[in-house]
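Report on one structure; see the data block that follows.
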Amino acid sequence: MSSDPILEVENLVTQFQTEEGVVKAVDHNSFSLQRGEVLGIVGESGSGKSVTAMSIMGLIEHPGEIKAGEIRYNGEDLLSKSDAEMRAIRGNEIAMVFQDPMTALNPVYTVGSQIQRIIRKHTDTTKQAARERTIELLDDVGIPEAEARVDDYPHQFSGGMRQRVLIAMAISCDPEILIADEPTTALDVTIEAQIFELLDRLQEKYGMSIILITHDLGVVAETCDRVAVVYAGRIIERAAVDDLFESPRHPYTRGLMRSIPNLRSAVSRLTPIEGRIPDLSALPPGCSFHPRCVHATEECRQIDPGLRTVAPGREAACIHAQGYGPYETTTGVDGDGADAVASDGGVDDE
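Numbering (the working numbering), first residue to last: 2 to 351.
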């Protein structure tokens, strides 16, 4: 893995004008993606994960805007690119798998024609060569009898198969970065496991870097190299995956872990995080998590700690982060770190 990141996001601010005021969906977030790496971005719904992905892809539309920051791909600032330049990058160099394949696919065109259109738009290839490449891609993502099914319509595929078609579409032009935004939403756990096994295999075959957006910490433990935990529009913890699961430094991260079913643990009771993500147009003073945090002190209610280094290779936005040690065995995680967390389940997506 090269030491030079393929993607760098610095102090990104993406906001939306609403009747209630300005909503900062992404609030001064920074992270990088190394070549060949899988970076997990995890958090509850409404935390800003998908808006981060849309910002990278240049898909923020009115009333949204990217207010500040830099997004550098191979050293070039994407925010300075024209619409035409971004259209050339999207799909060709940075591709995205969206949450709902039924709305992402056009119901009036065959799946093959939709993939072929992308291939011909971004590459100098003939119609026949694009069709042959499409069949190869459908076979790669596990569509049975790909040569026969290339002319089928989206409604003729199951939900899991439609998601495979979307993945084939995303990798059709050999992108360097694949952003997978909740790629298994509404799929059962068996199909979900197959999709993530597929992404792992495709990453190895095509050498992609992947940003995986999810609310499922079990998936993160199984698939990711590093993790950024997001809350109320901000990254509140960042670490290597093994370090995060062995010793989470932010109370929110610990809360997410306590809410995961773990079949290995003798402790079966789950502990939900009480409350909800605050209104992003009216965040509370101090740490934005303090209204839900059982460890909150008066200092937490007054001081916004910001993301800071709390240990080698560890960053957390909590004034008490350095006081947290290894994860307690009484919380539903049995001390085996990521292996225990990955046994089953995910974070409640409400």
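Think of the CB as a built atom: it goes at the ideal place given N, C-alpha and C, for glycine as much as any other residue.
These numbers come from a predicted model, not from an experiment.
For residue i and residue j, what's the separation of their Cα atoms in angstroms?
| i | j | result |
| --- | --- | --- |
| residue 79 | residue 150 | 37 Å |
| residue 261 | residue 124 | 44 Å |
| residue 26 | residue 121 | 35 Å |
| residue 135 | residue 160 | 19 Å |
| residue 280 | residue 274 | 17 Å |
| residue 241 | residue 154 | 41 Å |
| residue 294 | residue 64 | 32 Å |
| residue 133 | residue 118 | 13 Å |
| residue 305 | residue 287 | 4 Å |
| residue 90 | residue 183 | 22 Å |
| residue 131 | residue 185 | 27 Å |
| residue 102 | residue 94 | 21 Å |
| residue 307 | residue 23 | 20 Å |
Just confirm the distance between the C-beta atoms of residue i and residue j, as a whole number of angstroms; I'd bet it's less than 8 Å.
| i | j | result |
| --- | --- | --- |
| residue 165 | residue 180 | About 17 Å; that fails the 8 Å criterion. |
| residue 212 | residue 318 | The Cβ separation is near 20 Å, so there is no contact. |
| residue 70 | residue 106 | Not confirmed; about 32 Å, so no contact. |
| residue 210 | residue 37 | 6 Å |
What residues in its chain sit with their C-beta under 6 Å from that of residue i, if we drop five residues either side in the sequence?
| i | result |
| --- | --- |
| residue 73 | 9 |
| residue 310 | 316 |
| residue 4 | none |
| residue 343 | Here residue 343 scores only 43 on pLDDT, less than 50, and its place in the model is too uncertain to base an answer on. |
| residue 96 | 171, 176, 179 |
Helix, strand or coil for residue i per DSSP?
| i | result |
| --- | --- |
| residue 243 | helix |
| residue 92 | coil |
| residue 74 | strand |
| residue 26 | strand |
| residue 97 | strand |
| residue 232 | strand |
| residue 307 | coil |
| residue 35 | coil |
| residue 219 | helix |
Cutting at 8 Å between CB atoms, please list the residues of its own chain near residue i, excluding the five before and the five after it.
| i | result |
| --- | --- |
| residue 231 | 30, 42, 43, 44, 48, 49, 50, 53, 237 |
| residue 175 | 207 |
For residue i, collect the residues of the same chain with a Cβ closer than 7 Å to its Cβ; drop the 5 residues on either side in sequence, then sort them by chain order.
| i | result |
| --- | --- |
| residue 156 | 108 |
Problem - Contact between the segment 238 to 250 and the segment 191 to 204 (3+ Cβ pairs under 8 Å) - result: no
Exercise for the section: Please determine if the segment 134 to 142 and the segment 102 to 117 are in contact, where contact requires at least 3 C-beta pairs separated by less than 8 Å. Expected result: yes
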